[in-house]
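If you use UniProt numbering, the sequence shown corresponds to residues 1 to 316, in order.
Every residue gets a Cβ at the ideal spot worked out from N, C-alpha and C, and that includes glycine.
The next block holds one structure in the form of structure tokens; read it before the comments.
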Amino acid sequence: MSLTDESRRIEEALQHLTHMIRRHAPSSGRHKTAVPSLSLMHATELFEPIESVYKPSICIVAQGAKTATLADEIYRYDPSTYLVISVELPVIGRVLQASPEKPHLSLRLSFESDVILDIVKEAAQLTSVPTKVSRGIAVNRMSSTLLQAIVRLMELLDDPEDIPILAPLVIREILYRVLQGEQGPQIHQFAIIGSQAHNIAQAIQLINRQFDRPLVIDQLAKSVNMSTSAFHKHFKRVTEMSPLQYQKAVRLQEARRLMLTETVQASDAAFRVGYESPSQFSREYARMYGQPPMLDVQKLRSSDTFSDVLTQFHKQ
């Protein structure tokens, strides 16, 4: 296929995808769909970026542009690229382009690692993996075959009775196309049971399930069959942060959610996410979000886009 043909097919698929997202997500905010792992985003203006723990997922922009920030690294993606997150990561999502005339339109499709491994077992050409553990997030160049598969998944929303049978097949094709991409081997490694990348993914799940408990690194490393030194090194490579920094990010994000969505007081939120000292919580919160907890919450609540902010404030 020539570059001209590939560009034309991508453009046609993007036009179709843009139309369908606008139809199934007609108002501003994040929208769930009849496909449980698929959500849609429609934004007519820029709003305060919110940190969320993203599950393994594929993020595609049909119109506009977006960034995902992990620690100090920023990943930009737009209709010419897509974002893949291979493990649960506390990412800050920011919409870069949005207006009533030309809204930001995007989607997120979450997936399970066992599906990745199942596909690789059946496709001999997908067996290569990196020699070193890779970052759990990456931006890839868009392909027409991937976009066309995404369009077919979106088309199922018009025939909900077909979703239970056909959606798993189309999602499987989507993941196959992703694995064929430039970052395919990096995604594959997190699904290989017993690999260092898979061990780190398991540890990340444990931290997310028990973020309010004290984190004992030696025990956590032992639980995933790794030495403490190897665990630290590979955890940092995957997440761009130490295990304690990761836990802190998850704790502070959950506390922010509690204060915003459940009107919990700062001290109560601190204790609920595992802090023993409200003053330490306030210091670390201000360090991450730029101001003390209640001032931050008041600012978000007074924002013109507060309702849009709330739609972002859940585990992805």
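Under 8 Å between C-beta atoms of residue i and residue j
i, j, result
"HIS31", "ALA25", "yes"
"SER144", "ARG9", "yes"
"LEU17", "LEU147", "yes"
"LEU157", "THR33", "yes"
"SER57", "LEU109", "yes"
"VAL91", "HIS234", "no"
"ASN140", "THR81", "yes"
"ASN208", "VAL273", "no"
"ALA43", "PRO100", "no"
Residue i versus residue j: straight-line alpha-carbon distance, rounded
i, j, result
"ALA45", "PHE111", "The question names Ala, yet the displayed sequence has Glu at residue 45. Cα to Cα, the separation comes out at about 29 Å."
"GLN247", "PRO168", "33 Å"
"HIS188", "MET294", "42 Å"
"GLU173", "PRO243", "34 Å"
"ARG213", "ILE204", "14 Å"
"HIS314", "SER2", "Bear in mind that a pLDDT of 49 at HIS314, under 50, signals an unreliable position, so the number given afterwards is only what the model happens to contain. Those two C-alpha atoms are separated by around 42 Å."
"MET41", "VAL216", "38 Å"
"ILE116", "MET288", "34 Å"
"SER128", "ALA270", "44 Å"
"MET259", "ASP268", "9 Å"
"GLN316", "ILE137", "Reliability fails at GLN316, whose pLDDT of 46 lies under 50, so the model's placement of it is uncertain and no value is given."
"ARG257", "VAL264", "9 Å"
"PRO185", "ALA65", "26 Å"
"GLU182", "GLU276", "45 Å"
"LEU89", "SER227", "22 Å"
"GLN219", "SER39", "36 Å"
"ASP114", "ARG177", "16 Å"
"ALA71", "GLN298", "25 Å"
"ARG160", "ARG22", "The sequence given here places Pro at residue 160; Arg does not occur at that position. Spanning the two alpha carbons is a distance of roughly 18 Å."
"GLU12", "MET142", "13 Å"
"LYS222", "PHE231", "9 Å"
"GLN291", "ALA255", "14 Å"
"THR59", "GLN245", "It should be pointed out that residue 59 corresponds to Cys in this sequence rather than to Thr. About 25 Å."
"ASP5", "GLU73", "34 Å"
"ALA124", "SER37", "27 Å"
"LEU300", "THR131", "44 Å"
"SER7", "ALA149", "16 Å"
"ASP296", "SER229", "37 Å"
"SER28", "THR261", "18 Å"
"LYS55", "ARG135", "15 Å"
"ILE193", "TYR75", "28 Å"
Whole-number beta carbon distance between residue j and residue i, since they are thought to touch under 8 Å
i, j, result
"ALA266", "PRO278", "7 Å"
"TYR77", "VAL61", "6 Å"
"LEU126", "LEU179", "5 Å"
"GLU51", "GLN253", "5 Å"
"ILE163", "VAL35", "6 Å"
"GLN202", "VAL224", "5 Å"
"PHE47", "SER302", "Not quite, the Cβ-Cβ distance comes to about 13 Å (not below 8 Å), so this is no contact."
"PRO49", "GLN63", "About 19 Å; that fails the 8 Å criterion."
Contact between the stretch 278-289 and the stretch 239-246: three or more CB pairs below 8 Å? Look at the beta carbons and you see the stretch 278-289 not touching the stretch 239-246: under three pairs across the two are nearer than 8 Å.
Can you list the alpha helix (DSSP H) stretches of 4 or more residues lying completely in the stretch 139-180, in chain order? The qualifying runs are 144-155 and 163-180.
Would you be able to state if there are at least three C-beta pairs under 8 Å between the stretch 70-85 and the stretch 113-123? With a cut-off of 8 Å, the stretch 70-85 and the stretch 113-123 do not count as touching, because too few Cβ pairs lie within range.
Which complete beta strand (DSSP E) runs does the stretch 229-259 hold, if anything under 3 residues is left out? Uninterrupted beta strand (DSSP E) stretches at least 3 residues long and entirely within the stretch 229-259 do not occur.
Quick test of the definition: if touching needs 3 or more C-beta pairs under 8 Å, does the stretch 179-198 touch the stretch 92-101? At 8 Å Cβ cutoff, the stretches do not touch.
Kindly provide the ranges of any beta strand (DSSP E) runs that are 3 or more residues long and lie completely inside the stretch 62-108, ordered along the chain. Within the stretch 62-108, the runs of beta strand (DSSP E) at least 3 residues long that lie entirely inside it are, in chain order, 66-70, 73-77, 81-85 and 89-95.
Could you tell me whether the stretch 150-158 touches the stretch 194-205, where touching means 3 or more Cβ pairs closer than 8 Å? Not touching, per the Cβ criterion.
Beta strand (DSSP E) segments (min. 3 residues) lying fully within the stretch 8-37: Listed in chain order, the complete beta strand (DSSP E) runs (minimum 3 residues) inside the stretch 8-37 are 29-32.
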